Amino acid sequence: MKTIAYIIPYFGKLPEMFDLWLKSCALNPTIDWLLFTNDKTEHQYPNNVKVTYMTFTELVSKIQSKFPFKILVPSPYRLCDYKVAYGHIFEEELNNYDYWGYCDLDMLWGNIRNFLTDDILNNYEKIGYLGHSTLYKNTEKLKFIYQSPVNQKEIYKDFFTTNSLTNYFFDEKWINIICNAQKIRTYTELIFADIIPWSPKFILSYSKNEQMSKNRHRIFTWENGKLYSKSFYKEKIYTDEFMYIHFLKRRMTLKKGILQAKQLLIIPNIIKEYDKKISKKIIINNSKKFILSYYYNLFIQNKKRITPKQIFKFIHGRYVAKKRFSNKHKQYNII
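Under our numbering, read the sequence shown as residues 1387 to 1721, first letter to last.
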């Protein structure tokens, strides 16, 4: 079995759903996560989540030791542009792994090995193409692939020496351009559920046509370490398994008992224990339109600074009527 390690530097207080994230990691015992953080809060870390406590300054020094020129990392957020270099930066820690990569913490894992089989790992050098989960084969070529020039320019030097808080999307845009140019065999199947943040429903950011039709009524369940989408379309319930769900900028209410539960129900603003059969009624009742209060509040705070078109770009990525911002639609409180 191919060995895999995800590298995660995180500075500041770990996310509210971190313990649930740890639970989903624990049920993937053949995958390792290497966490570098300054948050020393006690958590029940499983054996496959290995923690190194360090300050942000110490990490910057570690990064600097890998480069002959002066690098600039003005904030932890700028680490996004360094993700593509983690194979180089953390090469000592990754020495015994076949694959290395990076991922986010605002997500919940399903059964990873159901998707990352040895057959796939043997045939691809890069798995994924987005910042919330990408893996690279642990070879010298892939370790330093980020240094490859784009239009005869070593863009990594520009990104690593710019004293800006702006994220240049090296991990999502430029590294893919580089890998395509270098003909790196990349696995791009949609094995993840990346949720659009501004929609009150669970709308997938990336989906094939058959999945798009299921966006209208969709919830998720987590069952003993496996993640499923449950959708209702044309009088039929569809079940689709995913490797993980990514809650980008979405605030989820975590109900009591979820850390001990074997089955979870995941609806657009709540994660709770739920051990009953998923019915049409459950899916439809929990995939109705409602107001995401934090996006509404953000709209109120910024309405004088945004354009009329931006005001209405709120749900499903389309322009909608202003009545959408009515307080009539509340977030779900109960199932």
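For each residue, glycine too, the CB sits at the ideal point set by N, CA and C.
Every value quoted in this text rests on a predicted model; they were computed, and no experiment measured them.
Closest in C-alpha terms to Asp1492, from the list Trp1407, Gly1611, Leu1590, comes Trp1407. The way I'd put it, the stretch 1542 to 1553 doesn't touch the stretch 1482 to 1492; fewer than three beta-carbon pairs between them come closer than 8 angstroms. The beta carbon of Asn1524 is closer than 7 angstroms to those of Gly1473, Leu1480, Tyr1483, Asp1484, Tyr1485, Trp1486 in its chain, skipping five residues each way along the sequence.
The stretch 1417 to 1435 and the stretch 1513 to 1527 do not touch, with fewer than three beta-carbon pairs separated by less than 8 angstroms. Assignment of beta-bridge partners to Trp1419 by DSSP yields Tyr1392, Val1435. Between Ser1673 and Glu1402, the alpha-carbon positions lie close to 24 angstroms from each other.
Val1435 is positioned such that its CB atom lies no closer than 8 angstroms to that of Val1446.
By the C-beta density criterion, Asn1537 is exposed, having fewer than 16 other C-beta atoms within 10 angstroms. With contacts defined by Cβ atoms closer than 8 angstroms, Trp1495 and Asn1433 do not form a contacting pair. Along the length of the stretch 1533 to 1573, whole alpha helix (DSSP H) runs at least 4 residues long occupy 1541 to 1546, 1561 to 1567, reported in chain order.
If you ignore the 5 residues before and after Asp1626, its C-beta comes within less than 6 angstroms of the C-beta of Ser1615, all in its own chain and listed in chain order. About 11 angstroms separates the CB atoms of Ile1390 and Leu1420; that is not less than 8 angstroms, and the two are not in contact. Shown here for Phe1628: same chain residues with a beta carbon closer than 7 angstroms to its own, the five before and five after excluded, namely Gly1496, Ile1577, Phe1578, Ala1579, Leu1613, Ser1615 in chain order. Taking Asn1549 as the centre and dropping the five residues before and after it, the same chain places the C-beta of Leu1458, Pro1460 closer than 6 angstroms to its C-beta, in chain order. A straight line joining the alpha-carbon of Cys1466 with that of Glu1621 spans about 43 angstroms. Here Arg1571 is exposed. Its C-beta has fewer than 16 other C-beta atoms within 10 Å. When DSSP reads this structure, Ala1579 sits in a beta bridge with Ile1631.
The C-beta of Ser1617 has 16 or more other C-beta atoms within 10 Å across all chains shown, which makes the residue buried. Nearest in C-alpha terms to Tyr1463, of all of Tyr1573, Lys1663, Pro1395, is Pro1395.
About 4 angstroms separates the beta carbons of Phe1606 and Ile1652, which is inside the 8 angstroms limit, making them a contact pair. Collapsing the DSSP output to three states places Gln1649 in a strand. In this structure, the straight-line span from the alpha carbon of Asn1562 to that of Tyr1624 is close to 32 angstroms. Taking the Cα positions, Lys1641 is about 28 angstroms away from Tyr1619. For Asp1626, the pairing in a beta bridge is given by DSSP as Ser1615. In terms of Cβ geometry, Tyr1488 and Tyr1573 do not form a close pair [threshold 8 angstroms]. Residue environment for Ser1410: buried (at least 16 other C-beta atoms within 10 angstroms of its C-beta). In this structure, Ile1582 sits away from Ser1593, with a CB-CB distance that is not shorter than 8 angstroms. Ranked by Cα distance from Glu1558, the options Met1387, Ser1585, Leu1521 are led by Leu1521. Its chain contains His1474 as the residues whose beta carbon lies nearer than 7 angstroms to that of Phe1530, once the 5 sequence neighbours on both sides are disregarded; these appear in chain order.
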